Amino acid sequence: MSTIQETVAKTDAAAVDAPPKKSMALGRTTSLVMLVALLIVPLFVKNFVIFQLTMLLIYGIAVLALNILTGGSGQFSLGQSAFYAIGAYAAAILIEIGNVNYVLTLPIAGIICFAVGFLFGFPALRLSGVYLALATFALAVAMPQLLKLGVFEPWTGGVQGLVVTKPDAPFGLPISQDMWLYYFTLVVALVIYIASVNLLRSRSGRAMMAIRDNEIAASAMGVDISMYKTLAFGVSAGITGVAGALGAIAVQFVAPDSYTFQLAIALFLGMVVGGVGWLPGSLAGAAFIVFVPNIAEGISKGLSGAFFGVLLFLVIYLVPHGARQGAIYAETLLHKLRRS
């Protein structure tokens, strides 16, 4: 547990240095360039790469959700995989057993996970720091075992899981299933990103960031600590549930062993790499999760874990504040080039 404690302690320091509300989003020019790139790239790549890009967006949504909780309110969670699993199973059950349209499963999964996260936030109010991380860690470890229980097997499929039907493009559009799902996921990701930025810039967001910076001072200013802490947990869990539902549709399969503690660690790692509290960095963190393990395996299949660890160490050593720090370096360099 010492390693987990050290990781949480480092993230605690990073959360204190989280960016102010004015830097929560990218500039208009940069945002437009990224959006155009995300729209065009799938037109020139194979379906497998499109699938990888879809998972990049899905993990980006999940990392963003964790960023709202940790970077926004200063609370730590190592249990996001549990909410991801709940969202995935909610979508799978609704599609395959309830014959519900896949589009409608997203808000339903989000509402279910919001309720679970909000309720989990109440007992978590007495915990902070590493103790809160350990409580959420217990939730992540327990969730795969709960999904395997015989009482839930008629709905969850037990250890065998459920196969999910991938949707076709609507209105007879002449595009593949993978490409349609990519653009559908992109629209959902954009909506969630804009809503999250507006949330953190709102009165509620300022209250959460006040709790993150100094809980005693926030309480003295009249901020309802209990309400905003549980609200942050609920919102984070709800967005993670939407990501889980999208993941189930994209992968076309859900099983308990797909949502282990390793997934929670991957999302936590993505948040740190992307920059704690910097929402645009969620996409960079998701890219690290999706592509770096494949790069490490390409270097050496037998030592892929070692190479992954070395790459992670280099990233943390060179840019301890993640992609946010890299963006600042790039902005400074461009400013100097314009001057010269």
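Its first residue numbered 30, the sequence shown is counted upward by one per residue in the numbering used here.
Think of the CB as a built atom: it goes at the ideal place given N, C-alpha and C, for glycine as much as any other residue.
If you're wondering where the values come from, they're calculated on a predicted model, not measured in any experiment.
Residue i and residue j closer than 8 angstroms at C-beta
i: I90; j: A272; result: yes
i: Y113; j: T214; result: no
i: M237; j: S102; result: yes
i: I278; j: L210; result: yes
i: S110; j: L332; result: no
i: Q104; j: F290; result: no
i: I18; j: Y131; result: Here the chain covers residues 30 to 369 and nothing more, so residue 18 does not appear.
i: A117; j: G299; result: no
i: A352; j: G304; result: yes
i: G108; j: T59; result: no
i: G179; j: V283; result: no
i: L161; j: P285; result: no
i: N76; j: S311; result: no
i: A246; j: I254; result: no
For residue i: DSSP bridge partner residues
i: V339; result: Per DSSP, none; premise fails for V339.
i: L168; result: Paired residues: none, contrary to the question.
i: V192; result: F282
Rounded C-alpha distance that separates residue i from residue j
i: K51; j: V264; result: Only weak support exists for where K51 lies, its pLDDT of 45 falling under 50; the coordinates are left without a value.
i: D41; j: A224; result: Its pLDDT being 44, under 50, D41 is placed unreliably by the model, and nothing is read from it.
i: A94; j: V302; result: 15 angstroms
i: D368; j: T361; result: Just to set this straight, residue 368 is Arg in the shown sequence, not Asp. Answer to the nearest angstrom: the Cα atoms are 11 angstroms apart.
i: T185; j: G146; result: 20 angstroms
i: L67; j: R155; result: 42 angstroms
i: A359; j: P309; result: 15 angstroms
i: V344; j: G338; result: 10 angstroms
i: L219; j: E244; result: 31 angstroms
i: I87; j: A316; result: 11 angstroms
i: G355; j: L61; result: 19 angstroms
i: A144; j: A266; result: 8 angstroms
i: C142; j: V92; result: 15 angstroms
i: F73; j: R235; result: 42 angstroms
i: K330; j: H350; result: 30 angstroms
i: G327; j: F336; result: 10 angstroms
i: A153; j: I126; result: 34 angstroms
i: M208; j: F297; result: 28 angstroms
i: L347; j: V70; result: 29 angstroms
i: A295; j: S233; result: 28 angstroms
i: I204; j: A198; result: 7 angstroms
i: A169; j: A313; result: 24 angstroms
i: L366; j: I357; result: 14 angstroms
i: V159; j: A167; result: 12 angstroms
i: M250; j: A274; result: 39 angstroms
i: P196; j: V226; result: 30 angstroms
i: Q206; j: F200; result: 13 angstroms
i: P322; j: V252; result: 42 angstroms
i: R57; j: L163; result: 39 angstroms
i: S231; j: I221; result: 15 angstroms
i: L202; j: L363; result: 41 angstroms
i: M30; j: P183; result: For M30, the pLDDT reaches just 42, beneath the cut-off of 50, and the residue's location in the model is therefore unreliable, leaving the point undetermined.
Nearest residue (CA-CA) to residue i, options the options
i: I324; options: A117, S311, L341 and M172; result: L341
i: F181; options: F143, I122 and G267; result: I122
i: Y257; options: V188, F151, K75 and R57; result: F151
i: V319; options: L85, F77 and F73; result: L85
i: G187; options: I221, A153, M172 and V216; result: M172
i: V217; options: F282, T134 and R232; result: T134
i: V192; options: V170, A120, I254 and L366; result: A120
i: V280; options: L347, P322 and L82; result: L82
i: T99; options: V170, A239, L168 and N227; result: A239
i: L64; options: N227, Q206, F282 and Y212; result: Y212
i: T194; options: N128, V159 and G334; result: N128
i: Q174; options: I115, F149 and L229; result: I115
i: L228; options: S157, G334, L260 and Y288; result: L260
i: S157; options: I221, L363, R241 and Y288; result: R241
Unbroken alpha helix (DSSP H) run spanning residue i, endpoints
i: G327; result: G310 to I328
i: W184; result: E182 to T185
i: I245; result: E244 to A249
i: S157; result: Element bounds for S157: n/a, residue is neither H nor E.
i: Q81; result: N76 to N96
i: K365; result: A352 to R368
i: W209; result: Q206 to R230
i: L123; result: Q109 to E125
i: Q291; result: F290 to G303
i: P152; result: Y131 to A153
i: T99; result: From DSSP, T99 is part of no alpha helix (DSSP H); its letter is neither H nor E.
i: L25; result: In this structure the chain extends from 30 to 369, so residue 25 is not present and cannot be described.
Short CB-CB distance (under 8 angstroms) between residue i and chain B
i: A153; result: Absent here is chain B; the protein component of the structure consists of one chain.
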